[in-house]
Structures are given as C-alpha cells and as structure tokens.
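To start, the structure itself, in structure tokens.
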Amino acid sequence: MDWLMLIGRILYGGFFLLNGINHFLMGQAMIGYAQSKGVPAPALAVYGSGILILLGGLSVLLGYQVQVGLWLLVAFLVPVSLTMHNFWAIQDPQQRMVEQVNFMKNMALLGAALMLLSLWK
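Okay, so the sequence shown: first residue is 20 according to this note's numbering, each after it adds one.
What follows is the structure in structure tokens.
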C-alpha cells in the first residue's frame with residue numbers, strides 16, 4: 020500500500036508542480052487569457068497562482084507539510100475553476116465544451132485534494 024501512496028503522490032504532486040512551472044514559462048500567454056476572462060491584476064493572478072500550485076505540488080510530491088500543500092491546491096482550484104472555467108457563461112458550444120472539461124477536471128482534482136486532507140491528519 021505504501022507504494023500506491025508514493026506513486027499517487029508522484030502523479031498528483033507532479034501534475035501541479037509541472038503546471039506551476041508552466042505558469043512561469045508560459046506566463047505571457049496565460050496573462051492574456053486571464054485578461055480575456057476579466058481577471059483583475061492578471062499578471063499577479065497568474066504568477067501568484069503559479070506559486071500556489073508549485074509549492075502545493077512540491078509539498079505533495081515530497082511528502083513534506085502535505086496538509087499545507089493540499090490547502091494551497093484547494094486555494095488555487097476553487098477560484099480558478101469558478102472564474103477561468105465558467106463554462107455556463109460561454110455561448111460558443113465548442114469553447115463551452117473545452118471549459119466544461121477543464122472545470123470538471125479541476126473538480127476531480129479538488130475532490131482528490133479534499134480526500135487526501137482527510138487522510139493526512
């Protein structure tokens with residue numbers, strides 16, 4: 020069972036770690052997207068959220084301060100899902116579907132974070 024937890028931590032934490040790195044490597048494109056969604060202070064939002072998921076993912080991956088890291092991921096997933104992937108407000112069917120997929124992915128990631136929080140007491 021310990022191997023399953025290790026593999027899960029690598030996959031889950033690694034996902035956020037890589038996405039956090041992308042917030043810095045692809046920051047300008049993400050800032051433009053955040054602007055198009057009406058996010059105030061889009062550069063701060065992109066780089067700030069990048070720090071949240073970078074630290075959260077690293078925490079889960081390394082197994083260090085996992086509860087703190089998971090709360091950082093929750094703090095990222097909730098507002099980003101509601102503002103950036105608000106599929107219910109999009110008229111174009113193709114774009115709506117893309118945002119709905121991203122919203123549902125984030126809800127699954129949020130659910131996993133919450134379950135992990137219940138295990139790490």
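C-beta atoms are modelled at their ideal positions from N, C-alpha and C, and glycine is treated no differently. These numbers were taken from a predicted model, which means no experiment stands behind them.
{"Asked": "Which residue comes first and which comes last in the alpha helix (DSSP H) that contains Met116?", "Found": "Pro112 to Leu138"}
{"Asked": "Starting from Pro61, trace the alpha helix (DSSP H) in both directions and tell me its first and last residue.", "Found": "Pro61 to Leu81"}
{"Asked": "Given that a residue counts as buried once 16 or more other Cβ atoms are within 10 Å of its Cβ, and exposed if not, what is Ser137?", "Found": "exposed"}
{"Asked": "Is the separation between the beta-carbon of Phe43 and that of Ser68 shorter than 7 Å?", "Found": "no"}
{"Asked": "At least one CB of chain D closer than 7 Å to the CB of Gly82: is that the case?", "Found": "Within the model displayed, chain D is absent; a lone protein chain is all it includes."}
{"Asked": "Using 10 angstroms around the beta-carbon of Ala53, count the other beta-carbons present and answer buried if the total reaches 16, otherwise exposed.", "Found": "buried"}
{"Asked": "Taking the CB atoms as reference points, tell me whether Arg115 and Phe106 lie closer together than 7 Å.", "Found": "yes"}
{"Asked": "My output table needs one value for Val16: the three-state DSSP class, helix, strand or coil.", "Found": "Residue numbering for the chain in the displayed model covers 20 to 140; residue 16 lies beyond these limits and cannot be assessed."}
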